[in-house]
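Numbering (our numbering), first residue to last: 1 to 231.
Have a look at this one:
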């Protein structure tokens, strides 16, 4: 089980286990996982007003940090890898700037998900980390590993903790169903699926353009210099 408090460690560990040739786990569940410590996706800024994660004044990123980085972006060449700039302060407590684009630190940048276990990724449509979950599923759509993505309407970060919120019980039940499906005696999981979930637990297909322009942003601090200079 992974959520932001484990900083994507579950996914990073899964990749390390695969790369080491060890037996993979039966499955991985992510509740609002933090898959991108580079903060490259739009929802980090766009959803600051609909989530309880702080947007300003904390070292682990957010709107304030990205705006400070943007000032530096104006002074460097367009293809400069921003997180390696010598004048850039440490962006995260968890890892140094130099390794933020490592796949074990930011699993979103991993280009090959072959040989990993089935995954269930659950995120809220109103949370700041929403887009990295969506893109993680979309960019690996052709991988052999089953990836199930559920995006719950209007929900904030790790909404499962708040049992009074619509969708919390549904998300917990679907997580339990996933565990049963991937463990001994289970029937397995659907190979690929990406759905939005409404307050009544009804599914509808996630639109193809849920995150526009993500291809050009993945692996780049703040989405890249072209994005940063607009902040």
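Cβ atoms here follow ideal geometry from the backbone N, Cα and C, with glycine treated the same way. As the structure is a prediction and not an experimental result, all values here were calculated from the model.
#### Entry: Own chain partners of residue 201 with C-beta closer than 8 Å, once the 5 adjacent residues on each side are dropped
In the chain shown, counting from the first residue as 1, residue 201 sits at position 201. Taking residue 201 as the centre and dropping the five residues before and after it, the same chain places the C-beta of 167, 170 closer than 8 Å to its C-beta, in chain order.
### Query
Which whole-angstrom value is the C-beta distance of residue 100 and residue 143, which I expect to be below 8 Å?
Residue 100 sits at position 100 when you count from the first residue of the chain shown. Residue 143 sits at position 143 when you count from the first residue of the chain shown. With 8 Å as the limit, residue 100 and residue 143 do not qualify as a contact, their Cβ atoms being about 23 Å apart.
### Task
Compute the beta-carbon to beta-carbon distance between residue 197 and residue 152, rounded to the nearest angstrom, for a pair I have assumed lies under 8 Å.
On the chain shown, position 197 is the one that residue 197 refers to. On the chain shown, position 152 is the one that residue 152 refers to. Between residue 152 and residue 197 the Cβ distance is about 5 Å, and since that is below 8 Å, they are a contact.
### Task
With a threshold of 16 other CB atoms inside 10 Å of the CB of residue 123, please say whether the residue is buried or exposed.
Residue mapping note: residue 123 aligns to position 123 of the chain shown, counting from 1. The residue in question, residue 123, is buried, as its Cβ has 16 or more Cβ neighbours within 10 Å.
#### Entry: Span separating the alpha-carbon of residue 37 from that of residue 103
Translated into the one-based positions of the chain shown, residue 37 becomes position 37. Translated into the one-based positions of the chain shown, residue 103 becomes position 103. Between the alpha carbons of residue 37 and residue 103 lies a gap of roughly 10 Å.
### Task
Keeping to the same chain, check which residues put their C-beta closer than 7 Å to that of residue 109; ignore five residues upstream and five downstream.
Looking up residue 109 in the chain shown gives position 109. Setting aside the 5 residues that flank it on each side, residue 109 is surrounded in the same chain by 101, 103, 218, 219, each with a C-beta closer than 7 Å to its C-beta; the list follows chain order.
### Query
Do residue 125 and residue 163 have their CB atoms nearer than 7 Å?
Locating residue 125 in the chain shown gives position 125, where the first residue counts as 1. Locating residue 163 in the chain shown gives position 163, where the first residue counts as 1. Cβ distance not < 7 Å, so residue 125 and residue 163 don't count as in contact.
### Message
Which same chain residues end up closer than 8 Å to residue 17 when comparing Cβ atoms and leaving out the 5 residues on each side of it in sequence?
### Response
Working through the chain shown from its first residue, we reach residue 17 at position 17. Counting only Cβ-Cβ distances below 8 Å, and skipping sequence neighbours, we find 23, 24, 25.
#### Entry: Whole alpha helix (DSSP H) elements within the stretch 133-195, 4-residue minimum
With a minimum length of 4 residues, the continuous alpha helix (DSSP H) runs that stay inside the stretch 133-195 are 168-182.
### Query
In whole angstroms, what is the alpha-carbon distance linking residue 14 and residue 31?
Numbered from its first residue, the chain shown carries residue 14 at position 14. Numbered from its first residue, the chain shown carries residue 31 at position 31. Their backbone Cα atoms lie some 16 Å apart in a straight line.
### Task
Just confirm the distance between the C-beta atoms of residue 128 and residue 157, as a whole number of angstroms; I'd bet it's less than 8 Å.
Your numbering for residue 128 matches position 128 in the chain shown. Your numbering for residue 157 matches position 157 in the chain shown. About 7 Å separates the two Cβ atoms, so the contact holds.
### Task
Using the Cα positions of residue 199 and residue 159, report the straight-line distance between them to the nearest angstrom.
In the chain shown, the residue the question calls residue 199 occupies position 199. In the chain shown, the residue the question calls residue 159 occupies position 159. Looking at the two C-alpha atoms, the distance is approximately 12 Å.
### Query
For chain C, is any of its Cβ atoms less than 7 Å away from the one on residue 159?
The chain inventory of the structure shown lacks chain C, comprising one protein chain alone.
### Message
Short of 6 Å in beta carbon distance, which residues of its chain neighbour residue 173, apart from the five on each side in sequence? Order them along the chain.
### Response
Here residue 173 is taken as the residue at index 173 of the chain shown, counted from 1. Taken in chain order, the list of residues that qualify is empty.
### Task
Go ahead and pull the three-state DSSP assignment for residue 205.
Position 205 of the chain shown, counted from the first residue, corresponds to residue 205. Assigned with DSSP and collapsed to three states, residue 205 falls in strand.
### Message
Among the candidates 70, 132, 52, 111, whose CA atom is the shortest distance from the CA of residue 227?
### Response
Here residue 227 is taken as the residue at index 227 of the chain shown, counted from 1. Distances from the alpha-carbon of residue 227 to those of 70, 132, 52, 111 put 70 closest.
### alpha helix (DSSP H) segments (min. 4 residues) lying fully within the stretch 3-37
The alpha helix (DSSP H) runs lying completely inside the stretch 3-37 and spanning 4 residues or more are 9-19, given in chain order.
### Query
So which of 21, 72, 28 has the shortest CA-CA distance to residue 224?
In the chain shown, the residue the question calls residue 224 occupies position 224. In this structure, 72 is the residue among 21, 72, 28 with its C-alpha nearest to the C-alpha of residue 224.
### Message
For a test of the three-state rule: what should DSSP assign to residue 129, helix, strand or coil?
### Response
For the purposes of this step, residue 129 is identified with residue 129 of the chain shown, where counting begins at 1. In this structure, residue 129 counts as coil in the three-state DSSP scheme.
### Task
If I'm right that residue 33 touches residue 8 with Cβ under 8 Å, what's the distance once you round it to whole angstroms?
Here residue 33 refers to the residue found at position 33 when the chain shown is read from its first residue. Here residue 8 refers to the residue found at position 8 when the chain shown is read from its first residue. A Cβ-Cβ distance of about 5 Å is found for the pair residue 33 and residue 8, placing them in contact under the 8 Å criterion.
### Query
If you compare alpha carbons, which of 161, 98, 188 is closest to residue 82?
Your numbering for residue 82 matches position 82 in the chain shown. Here the closest residue by C-alpha is 98.
#### Entry: Three-state secondary structure (DSSP) of residue 105
Here residue 105 refers to the residue found at position 105 of the chain shown. Under the three-state reduction of DSSP, residue 105 is assigned to coil, being neither helix nor strand.
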